[in-house]
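Each residue of the sequence shown is one higher than the one before, starting from 1 at the first, in UniProt numbering.
Please read the structure below before turning to the comments.
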Amino acid sequence: MVEVAQERLSEHAEYVNSLNVFPVPDGDTGTNMNLSFTSGAERVSYSETDRVDQMSKDLAKGLLMGARGNSGVILSQLFRGFSKAMEDREVLNAQEFAQAFSQGVETAYKAVMKPVEGTILTVARESAAAGVEAANETDDIIDIMKTVVDAGKVSLDNTPNLLAVLKEVGVVDSGGQGLLYIYQGFLESLTGEKVAMSTSTVKKAEVTDIAHQENFSNIAHAVSNEDIKFGYCTEIMVNLGEGETVTDTFDYDTFRNHLNEVGDSLLVVADDEIVKVHVHTEYPGEVMNYGQKFGSLIKIKVDNMRMQHDEVSVKGATSQPAEVKPYAVIAVAAGEGVHNLFKSLGVSSIINGGQTMNPSTEDIMKAIDEANAEKTIILPNNKNIFMAADQAAAVSDKDVVVVPSKTILQGLAAMLAFTDQAELEDNKTAMTAELDNVKSGQITTAVRDTAIEGVSIHKDDFMGIIDGKIVVSNPDRSSAVEETLRAMIDEDSEIVTLIYGEDTTAEECEAIAEAMEAEFEDIEFEVQAGNQPVYSYLISVE
1 MVEVAQERLS EHAEYVNSLN VFPVPDGDTG TNMNLSFTSG AERVSYSETD RVDQMSKDLA
61 KGLLMGARGN SGVILSQLFR GFSKAMEDRE VLNAQEFAQA FSQGVETAYK AVMKPVEGTI
121 LTVARESAAA GVEAANETDD IIDIMKTVVD AGKVSLDNTP NLLAVLKEVG VVDSGGQGLL
181 YIYQGFLESL TGEKVAMSTS TVKKAEVTDI AHQENFSNIA HAVSNEDIKF GYCTEIMVNL
241 GEGETVTDTF DYDTFRNHLN EVGDSLLVVA DDEIVKVHVH TEYPGEVMNY GQKFGSLIKI
301 KVDNMRMQHD EVSVKGATSQ PAEVKPYAVI AVAAGEGVHN LFKSLGVSSI INGGQTMNPS
361 TEDIMKAIDE ANAEKTIILP NNKNIFMAAD QAAAVSDKDV VVVPSKTILQ GLAAMLAFTD
421 QAELEDNKTA MTAELDNVKS GQITTAVRDT AIEGVSIHKD DFMGIIDGKI VVSNPDRSSA
481 VEETLRAMID EDSEIVTLIY GEDTTAEECE AIAEAMEAEF EDIEFEVQAG NQPVYSYLIS
541 VE
């Protein structure tokens with residue numbers, strides 16, 4: 001069921017993307033749901049269990065760690081609740097199956113601060129309710145799954161009647177559509193209907209070892225292999241408490257302290273069920289043997305860094321365990337220039353991402369661990385990253401808060417209030433207060449013809465978006481920027497910042513700034529190179 005559902009969602013991810021309400025080139029609901037569910041499916045593919053409770057737990061765990069964007073996080077919560085309903089069950093009957101959908105809905109609704117009807121939540125709730133009702137009449141799981149799918153179709157078709165913006169644009173909810181593809185995949189598997197599958201339904205993920213790449217590239221003066229003290233980059237994943245080799249009860253501090261003695265560049269991430277380890281060591285077998293004392297090894301990866309050294313020219317200083325910093329600020333952003341702006345304001349690390357590139361919960365957790373700080377602040381800079389950031393902060397064993405910046409401009413403004421002398425909550429309060437002191441504008445290209453809130457939009461027009469609302473559509477980019485600025489500037493405005501993207505030039509941006517300075521003589525205009533994708537211009541008015 002999971003494999004076929006993953007295949008179906010993957011096949012239709014681009015169609016789900018196309019249902020994005022705004023005609024902007026960042027409709028990534030399908031991509032986020034696909035990457036999230038694929039992470040869960042990969043976890044299932046590694047499992048050798050024949051119990052439904054463990055299989056569902058594997059799916060939920062994989063989804064949690066791979067969740068990207070709000071749609072991916074909601075999807076992970078649906079199957080987290082689904083998994084809870086299957087606890088202590090080796091097999092599943094029809095009634096329990098129906099109740100699992102219902103419990104998944106309860107968990108997902110609790111995870112969303114302000115649930116909105118006409119979304120994936122509605123499709124999940126109404127299809128689950130139909131499944132529970134069907135379970136009162138039949139004990140056939142296939143009949144129940146058919147009912148869930150049929151009700152999901154009806155619910156999805158009704159989403160435009162619940163959300164006015166869907167009706168205005170003429171689309172159904174993208175997240176609900178993605179969920180329906182998953183449910184249709186479940187049904188196809190249960191009925192035995194032939195499905196056109198690729199050679200490998202679920203592709204095993206090749207781990208991109210960021211910590212290893214960074215440490216290896218900074219091993220210094222390694223003019224020969226002898227300079228590499230710990231030669232094997234070793235990664236294991238342990239399923240805690242499982243297997244015949246278990247002799248010890250897992251304790252995070254004890255576990256980490258022991259591994260710290262056998263190597264360096266140590267990274268340990270754990271929850272109640274899984275512990276993930278990355279370490280550079282001379283004896284990878286010892287790491288594996290130690291891990292087996294606490295559970296079964298479900299993933300192993302070992303790279304010989306001395307062999308890699310022979311193939312790579314390495315510069316830098318000898319890698320040493322990083323010193324714990326008092327504070328770290330992590331920002332999600334795309335574009336070298338934007339990265340530099342954040343760093344100039346005191347951001348210590350950047351997760352490369354944003355629109356079309358939402359980082360997962362695991363990506364954010366890894367950044368938190370690599371920051372190695374006593375106190376950590378996350379700037380998501382995109383409302384579609386809020387839930388993944390909140391989830392990472394909740395799962396992390398470190399002291400982490402999220403400042404809910406919706407845009408790059410809000411994130412930059414928030415940094416003006418940051419001080420490493422303040423307590424964590426005080427910094428969060430001060431930085432959050434700054435978010436309302438800046439108007440955020442964006443210029444991007446329309447990907448289709450449509451009309452939204454009285455604005456007629458044509459494909460390839462340049463759209464001006466102010467705080468999430470499209471206000472301008474113009475075939476000329478410079479004109480679109482100037483119209484957007486006029487809509488943003490008021491009598492209280494003092495400073496305007498134009499950050500130009502990878503598809504435009506400094507000359508064009510400076511010409512716009514000069515023209516607007518002549519029109520608004522009392523306002524200061526600043527020009528910055530952002531090199532960001534998707535948006536030709538990011539505009540802040542303060």
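All residues carry an ideal CB built from backbone N, CA and C; glycine is no exception.
Opening and closing residue of the beta strand (DSSP E) in which residue i lies
{"i": "threonine 504", "result": "Unbroken run through threonine 504: none, as it is neither H nor E."}
{"i": "glutamate 374", "result": "373–379"}
{"i": "valine 329", "result": "325–333"}
{"i": "threonine 450", "result": "450–452"}
{"i": "glycine 464", "result": "462–466"}
{"i": "leucine 345", "result": "Element bounds for leucine 345: n/a, residue is neither H nor E."}
{"i": "serine 296", "result": "295–304"}
{"i": "alanine 529", "result": "524–529"}
{"i": "lysine 469", "result": "469–474"}
{"i": "valine 541", "result": "537–541"}
Reference residue i, options the options, closest by Cα
{"i": "proline 533", "options": "Glu96, Phe79 and Gln355", "result": "Gln355"}
{"i": "aspartate 503", "options": "Ser478, Thr122 and Ser174", "result": "Ser478"}
{"i": "glycine 353", "options": "Ser344, Asp460 and Val338", "result": "Val338"}
{"i": "alanine 164", "options": "Asp248, Thr119, Gly241 and Ala518", "result": "Thr119"}
{"i": "leucine 9", "options": "Tyr181, Met387 and Tyr232", "result": "Tyr181"}
{"i": "leucine 78", "options": "Asp426, Thr122 and Glu168", "result": "Thr122"}
{"i": "histidine 280", "options": "Gln292, Val262 and Asp58", "result": "Val262"}
{"i": "proline 404", "options": "Ala394, Phe418, Glu235 and Ala389", "result": "Ala389"}
{"i": "threonine 450", "options": "Gly170, Lys428 and Gln528", "result": "Gly170"}
{"i": "asparagine 531", "options": "Ala331, Glu188, Asn34 and Asn340", "result": "Asn340"}
{"i": "glutamine 54", "options": "Glu242, Leu35, Ala128 and Gly231", "result": "Glu242"}
{"i": "asparagine 381", "options": "Asn358, Asp490, Ala513 and Asp150", "result": "Asn358"}
{"i": "tyrosine 283", "options": "Thr419, Leu259 and His12", "result": "Leu259"}
{"i": "residue 626", "options": "Ala515, Ala392 and Ala422", "result": "Because the chain is modelled from 1 through 542, residue 626 falls outside the range shown and cannot be assessed."}
{"i": "asparagine 17", "options": "Pro475, Gln177 and Phe386", "result": "Gln177"}
{"i": "glutamate 133", "options": "Val116, Ala94, Thr159 and Glu517", "result": "Ala94"}
{"i": "asparagine 474", "options": "Asp461, Ile465 and Thr484", "result": "Asp461"}
{"i": "threonine 49", "options": "Met387, Asp28 and Glu90", "result": "Glu90"}
{"i": "glutamate 273", "options": "Tyr290, Thr254, Thr249 and Asn289", "result": "Thr249"}
{"i": "aspartate 88", "options": "Tyr109, Val52, Arg486 and Ser102", "result": "Val52"}
Residue interval of the alpha helix (DSSP H) (run including residue i)
{"i": "aspartate 53", "result": "52–66"}
{"i": "valine 481", "result": "477–488"}
{"i": "glutamine 6", "result": "2–11"}
{"i": "serine 127", "result": "120–135"}
{"i": "glutamine 391", "result": "386–395"}
{"i": "asparagine 239", "result": "Here asparagine 239 belongs to no alpha helix (DSSP H); instead the beta strand (DSSP E) covers 232–240."}
{"i": "tyrosine 290", "result": "284–292"}
Span separating the alpha-carbon of residue i from that of residue j
{"i": "asparagine 32", "j": "lysine 383", "result": "14 Å"}
{"i": "isoleucine 351", "j": "glutamate 137", "result": "51 Å"}
{"i": "glycine 468", "j": "phenylalanine 97", "result": "40 Å"}
{"i": "asparagine 225", "j": "aspartate 303", "result": "Low confidence applies here, because asparagine 225 scores a pLDDT of 48, under 50, leaving its location unreliable and the question unanswered by this model."}
{"i": "methionine 86", "j": "glycine 104", "result": "11 Å"}
{"i": "threonine 191", "j": "lysine 459", "result": "42 Å"}
{"i": "lysine 398", "j": "glutamate 425", "result": "14 Å"}
{"i": "serine 200", "j": "serine 47", "result": "Here the model assigns serine 200 a pLDDT of 28, short of 50, so the residue's position is not dependable and the matter cannot be decided."}
{"i": "lysine 57", "j": "isoleucine 499", "result": "45 Å"}
{"i": "residue 571", "j": "aspartate 251", "result": "In this structure the chain extends from 1 to 542, so residue 571 is not present and cannot be described."}
{"i": "glycine 152", "j": "glycine 131", "result": "10 Å"}
{"i": "serine 71", "j": "valine 472", "result": "28 Å"}
{"i": "isoleucine 247", "j": "valine 287", "result": "According to the sequence shown, residue 247 is threonine rather than isoleucine. For threonine 247 and valine 287, the distance between alpha carbons rounds to 15 Å."}
{"i": "valine 202", "j": "alanine 13", "result": "Reliability fails at valine 202, whose pLDDT of 30 lies under 50, so the model's placement of it is uncertain and no value is given."}
{"i": "phenylalanine 294", "j": "lysine 343", "result": "41 Å"}
{"i": "serine 76", "j": "methionine 415", "result": "31 Å"}
{"i": "phenylalanine 255", "j": "tyrosine 290", "result": "9 Å"}
{"i": "leucine 63", "j": "serine 39", "result": "6 Å"}
{"i": "leucine 156", "j": "serine 36", "result": "21 Å"}
Contact under 9 Å by Cβ, residue i with residue j
{"i": "glycine 441", "j": "valine 541", "result": "yes"}
{"i": "aspartate 362", "j": "glycine 30", "result": "Per the sequence shown, residue 362 should be read as glutamate rather than aspartate. Not closer than 9 Å, so no."}
{"i": "glutamate 168", "j": "glutamate 507", "result": "no"}
{"i": "valine 2", "j": "alanine 41", "result": "yes"}
{"i": "isoleucine 368", "j": "serine 348", "result": "no"}
{"i": "glutamate 519", "j": "glutamate 494", "result": "no"}
{"i": "alanine 373", "j": "alanine 417", "result": "no"}
{"i": "lysine 301", "j": "isoleucine 236", "result": "yes"}
{"i": "isoleucine 377", "j": "valine 401", "result": "yes"}
{"i": "threonine 107", "j": "arginine 68", "result": "no"}
{"i": "valine 455", "j": "isoleucine 470", "result": "yes"}
{"i": "aspartate 150", "j": "threonine 159", "result": "no"}
{"i": "phenylalanine 82", "j": "methionine 145", "result": "no"}
| task | Pick out the complete alpha helix (DSSP H) segments inside the region 142–198, 4 residues or longer, and give them in chain order. | result | The DSSP assignment places complete alpha helix (DSSP H) segments of no fewer than 4 residues inside the region 142–198 at 164–169 and 174–191, in order along the chain.
| query | Unbroken beta strand (DSSP E) runs of length 3 or more, entirely within the region 82–112: which are they? | reply | Not a single unbroken stretch of the beta strand (DSSP E) spanning 3 or more residues falls wholly within the region 82–112.
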